[in-house]
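Protein chains in written order, with this note's numbering: chain Z, 1 to 143; chain C, 1 to 143. Okay, structure first, notes after.
There are 2 protein chains.
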Amino acid sequence: MACSIARTLDVIGEPWSPLILRDVYVGMTRFEQIQQDLGISRKVLAERLKWLVDQEVLERREYSSRPPRYEYVLTGKGAELCDLLTVMVRWGDKWTAGEAGPPVLYRHRACGEIAHVEPCCSACGEPMRATDIELLPGPGSNR
Amino acid sequence: MACSIARTLDVIGEPWSPLILRDVYVGMTRFEQIQQDLGISRKVLAERLKWLVDQEVLERREYSSRPPRYEYVLTGKGAELCDLLTVMVRWGDKWTAGEAGPPVLYRHRACGEIAHVEPCCSACGEPMRATDIELLPGPGSNR
DNA sequence: ACAGTCAGTTCCCTCAAGGAACTTGGAGGT
DNA sequence: ACCTCCAAGTTCCTTGAGGGAACTGACTGT
Numbered sequence: 001m002a003c004s005i006a007r008t009l010d011v012i013g014e015p016w017s018p019l020i021l022r023d024v025y026v027g028m029t030r031f032e033q034i035q036q037d038l039g040i041s042r043k044v045l046a047e048r049l050k051w052l053v054d055q056e057v058l059e060r061r062e063y064s065s066r067p068p069r070y071e072y073v074l075t076g077k078g079a080e081l082c083d084l085l086t087v088m089v090r091w092g093d094k095w096t097a098g099e100a101g102p103p104v105l106y107r108h109r110a111c112g113e114i115a116h117v118e119p120c121c122s123a124c125g126e127p128m129r130a131t132d133i134e135l136l137p138g139p140g141s142n143r
Numbered sequence: 001m002a003c004s005i006a007r008t009l010d011v012i013g014e015p016w017s018p019l020i021l022r023d024v025y026v027g028m029t030r031f032e033q034i035q036q037d038l039g040i041s042r043k044v045l046a047e048r049l050k051w052l053v054d055q056e057v058l059e060r061r062e063y064s065s066r067p068p069r070y071e072y073v074l075t076g077k078g079a080e081l082c083d084l085l086t087v088m089v090r091w092g093d094k095w096t097a098g099e100a101g102p103p104v105l106y107r108h109r110a111c112g113e114i115a116h117v118e119p120c121c122s123a124c125g126e127p128m129r130a131t132d133i134e135l136l137p138g139p140g141s142n143r
């Protein structure tokens with residue numbers, strides 16, 4: 001499909017993938033850890049990890065050779081997918097967090113403040129919401 | 001689960017929902033239009049629309065009373081979900097667009113430039129990638 | 001009266017997810 | 001040498017969700 005949303009969903013569209021990515025992001029990099037943390041079936045987890053490695057979102061790395069043991073780490077491509085997770089968190093915090101408030105706080109290392117992520121324009125730096133955007137056909141369009 | 005990612009995925013985690021949202025965002029607001037555009041089964045589309053309306057992401061609006069005809073429009077909550085879509089598009093454009101380039105271009109109405117969306121810090125306004133963030137337990141944490 | 005439109009609903013079938021048990025390759029204890 | 005444990009999967013069976021096609025109901029236009 002000539003749609004970047006569909007192509008992105010092709011990589012991480014199925015519901016477990018973002019959660020797997022989050023686990024790797026926060027340092028749960030091993031099969032057993034992820035499986036227990038998420039309560040996902042081992043079969044599906046093995047499939048997803050293989051898929052994410054094939055897509056170059058994760059890298060399978062040996063952390064012990066005897067016995068052979070592996071962990072999963074983010075690639076550059078995968079790290080940028082985590083930006084998507086932070087935007088998800090923002091929405092979830094704003095619209096679905098209960099009374100208690102957000103379960104996790106984000107500190108921006110550059111400025112040291114507790115903050116959240118906001119979509120901004122790459123040209124002018126001002127906030128850029130979906131409602132501030134005008135869509136134009138691009139070079140990869142098929143019409 | 002005490003995780004805003006999981007809560008967000010609960011609302012739009014299943015693979016068709018983001019595509020449905022995109023269609024509504026670009027003006028395809030009717031059942032028949034969406035069904036034909038996506039090639040989704042009518043059964044599943046009806047289920048998803050009902051779910052998204054229940055979640056207050058979409059609103060079901062009568063646009064003709066006789067015969068009774070309905071369309072779906074974004075709520076405020078839904079419009080902010082579209083920010084998530086724009087971030088998906090950015091990733092898809094960058095990592096999965098082929099030779100041809102992105103299928104759609106975005107013009108930021110505020111500055112008039114063709115641009116893409118970038119995650120920035122709500123406190124200092126500088127770019128804020130997943131790798132620039134330090135995670136801290138928040139008030140809604142359960143440990 | 002009859003065909004056409006839109007917004008669904010119903011039915012059946014297939015395929016993918018879940019769960020539990022099993023496998024592999026080695027480490028460590030006795 | 002043997003038993004047991006562990007991480008990282010693989011295999012097998014069952015159940016549930018998605019796809020496809022046909023049907024329904026409320027109305028319009030000719």
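Ideal Cβ positions, reconstructed from N, Cα and C, are used throughout, including at glycine. Note that the structure is a prediction, hence the values are computed from the model and not measured.
Three-way DSSP call (helix, strand, coil) for Z/E113 in this model: coil
Quick check on the DSSP output: the alpha helix (DSSP H) that includes C/P139 runs from which residue to which? Premise fails: C/P139 is in no alpha helix (DSSP H) and is neither H nor E.
Would you kindly report the start and end of the unbroken alpha helix (DSSP H) that includes Z/E32? 31 to 38
Closer than 8 angstroms by beta-carbon distance: list the chain C residues that pair up with Z/M131, in chain order. The sequence shown places Thr at residue 131 of chain Z, not Met. Those within 8 angstroms of Z/T131 in chain C are A79, C82.
Spatial distance of C/C111 from C/D83 (CA atoms): Between C/C111 and C/D83, the C-alpha separation is close to 18 angstroms.
Looking at the structure shown, is Z/C82 part of a helix, part of a strand, or coil, going by DSSP? helix
Which first and last residues belong to the beta strand (DSSP E) in which C/S64 is found? 58 to 64 is the extent of the beta strand (DSSP E) around C/S64.
At the level of alpha carbons, what is the spacing between Z/D10 and C/E47? 21 angstroms
Contact set between Z/Y106 and chain C, taken where Cβ atoms lie within less than 7 angstroms: Correct list: I133, L135.
If contact means a Cβ-Cβ distance below 7 angstroms, which residues of the region 115 to 128 of chain Z contact chain C? A115, H116, V117, E118, P119, C120, C121, S122, A123, C124, G125, E126, M128
Could you spell out the range, first to last residue, of the alpha helix (DSSP H) harbouring C/V26? Note, C/V26: premise wrong, no alpha helix (DSSP H); not H, not E.
So, does the region 83 to 93 of chain Z touch the region 45 to 64 of chain Z, judging by three or more C-beta pairs under 8 angstroms? The region 83 to 93 of chain Z vs the region 45 to 64 of chain Z: no contact.
With distances taken Cα to Cα, identify the nearest neighbour of C/V80 among Z/S17, Z/A6, Z/K94, Z/V73. For the record, residue 80 of chain C in the displayed sequence is Glu; it is not Val. Considering only alpha carbons, the answer is Z/K94.
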